[in-house]
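Reviewing the structure listed below.
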Amino acid sequence: MTTKTLLEHRETPAWRALAAYHAHFGETHLRTLFGDDPQRFERFSVGAAGLTLDYSKNRIDEHTMALLFELARERGVETARDKMFAGASINNTEGRAALHVALRSPVGTHIEIDGNDVMPTVLAMRERVGEFVEAVRSGRRTGYTGECFTDVVNIGIGGSDLGPAMACEALAAYGHARLNMHFVSNVDGDQLAAVLNRVDPARTLFVIASKTFTTIETMTNAASARTWFLASGASESDIARHFVAVSTDVAKVSDFGIDEANTFAFWDWVGGRYSMWSAVGLSIALWVGRDHFEAMLEGAHEMDRHFAESPIEVNMPVILAMLGIWYRNFFGTASVCIAPYAQALSRMPAYLQQLEMESNGKSVSRDGVPVSVATCPVVWGEPGTNGQHAFFQLLHQGTELIPVDFILPLKSAHDLPGHHRLLIANCIAQSKALMVGKTAEEVRAELVAAGMSGAALEALVPHRVFPGNRPSSTIVLPALTPRTLGALIALYEHKVFVQGVVWGINSFDQWGVELGKRLASRIGAELAGGPPCGGDASTRGLIALARAAGE
Ligand code: F6P
């Protein structure tokens, strides 16, 4: 067993200075900080790519931020960022670049991997996606009976599902009137069956999205969809009109029976959870159209430029990342809550779970030695205002300190009077309530005003006190549009990257998903009558129960 550990985190000057400052400043109440500084909002908010980040309701002062920026510099964030944009092989365990920024770069950009400019192939694929999308949306490309497509079923999982599913829901206001979008990811046939029961095969387009084209869930769902399609009366030759694929492995796609003309390629330097900007975004483009899809790329590119070019003191992804480091590593917080005040962003927490937890859920450094500090917290959340009637109780009065990211579009896509103002009011109210809390004196005054007194009043006081001093950031969007959505996602991608650099881990591999996959295949073989896979009593017992149930 290795005894080597990565000691440099806690030993660096900036880390030590932050630890010392936390001991001195950490418990200072946000009420005090706001009371002392009427300019706190101006001082601690930053704009980029049309977004505003208000980070004034965090437990920081200027000195904290200066130390956090020093830590970012000390850990080499700027150099690492430049290497990523330059196409260096930063995914060291897989020997690959992580160049999702190229996917949203405009015509005229040159980005090289090993001396080869990737942009001509990126732009050519963007063009092919655009042409295909226009053909389907206009009705020029039809199903085998000559009818226009009315339903698109995206079959994929993880990065081949969450980005497109999240974006299609977020941009529903831009969706094509004739199209219905469906997303099937789970190998649980309930999900596919429910979709197949609703759609007409002659009017359904299947998009099979898988970077590797080996993922068992996607392959199983795609095979069942094909069988269903053929059973409906369509012939083998009709498959070409109804099944398209998105993958890095064109040969495997062809083995599955989808020819190259219907395959949209991307490249191994695009991580699955960073792939919605590639042809994996085909379903998004089908739904919102080529121009809106490209506007989403432009918004992300604008955030890329901001991240690449702004000094770290005013760099939104760096600021968001370093606040996360402050809480995770100095306050010891174990989770972060994502609270989009936009029903259209209801899949955003799930999307960010993969982005953050699959990227930074690591305990070994890039060099293969144990990381000496805590890395990625648990990411969770739900849209407001629903969350207020579920878990916000714990955020306000629970024993855990949980920083919250509020995401707030200022304009709605609907025109129902009154709703959006209420939504905005609730979002601002929650961040304020978390910040200020309510003291025992304030509670007493309220109860007295309500006519209470004596022991009955005193018995209620502790239950109605809110400690406050619960931090949050608010990301404000002028409205939820393709452009602002692109910028928002790119903001989080770069935040994750910066945190990975600070922790010294590779944010672009995901070895932790392999073991379960391998065991599932062995257990699946045993369930199908194969040899016992051996092992522990629990696994044997559960397999026996499943077999007894006929599986
Ligand atoms: O869950 C592991 C994972 O490899 C993710 O990283 C990826 O997004 C997902 O599976 C799907 O992979 P693929 O696109 O190759 O089907």
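Counting in this note's numbering, the sequence shown runs from -15 upward without gaps.
Yeah, the Cβ is synthetic: ideal placement off N, Cα and C, and Gly gets one too.
| Asked | Found |
| --- | --- |
| CB of V191 within 8 angstroms of CB of N138, strictly | yes |
| Residue environment, N344, which counts as buried when at least 16 other CB atoms sit within 10 Å | buried |
| Unbroken alpha helix (DSSP H) run spanning N410, endpoints | 403 to 420 |
| Supposed close pair L475, T468 - CB separation, criterion 8 angstroms | Not really, about 10 angstroms apart at Cβ, beyond 8 angstroms. |
| Integer Cβ distance of L536 from N205, believed to fall under 8 angstroms | Examination of residue 536 is not possible in this model, given that the chain is present from -15 through 535 alone. |
| Three-state secondary structure (DSSP) of F25 | helix |
| Simplified DSSP assignment, three categories, for S319 | strand |
| Beta-carbon spacing of L511, A530 below 8 angstroms | yes |
| Coil, strand or helix - K67 by DSSP | helix |
| Sequence-distant residues of the same chain with beta carbon closer than 7 angstroms to L339, five excluded per side | R257, Y476, E477, V480 |
| C-alpha distance - L35 paired with F227, whole-angstrom precision | 38 angstroms |
| Straight-line Cα distance separating H8 from W271 | 53 angstroms |
| Heavy atom of ligand 1 within 7 angstroms of V480 beta-carbon | no |
| The region 322 to 335 / the region 351 to 370 touching (three or more Cβ pairs under 8 angstroms) | yes |
| Within 8 angstroms, strictly: CB atoms of L407 and S456 | no |
| Ligand 1 heavy atom lying under 7 angstroms from the CB of I141 | yes |
| DSSP bridge partner residues for H447 (one or two, in chain order) | Answer is none; H447 lacks a bridge partner. |
| Residues near A209 by beta carbon distance below 6 angstroms, same chain, minus five either side | F190 |
| Closer than 7 angstroms: R257 CB and nearest ligand 1 heavy atom | yes |
| Bridge partners - C132, DSSP secondary structure assignment | T126 |
| Simplified DSSP state of W364, which is helix, strand or coil | strand |
| Check: S208 C-beta below 7 angstroms from any heavy atom of ligand 1 | no |
| Residues that I141 bridges to, as DSSP identifies them | None; I141 has no bridge partner. |
| Nearest to N76 (by Cα), restricted to the options L266, Y311, G255 | G255 |
| Beta-carbon proximity of G308 to L14, cut-off 8 angstroms | no |
| Residue environment, W487, which counts as buried when at least 16 other CB atoms sit within 10 Å | buried |
| Beta-ladder partner(s) of T458, from DSSP | D38, F390 |
| Simplified DSSP state of H380, which is helix, strand or coil | helix |
| Cβ-based neighbour list, A229, same chain, cut-off 6 angstroms, excluding 5 preceding and 5 following | I192, V237, I242, T247 |
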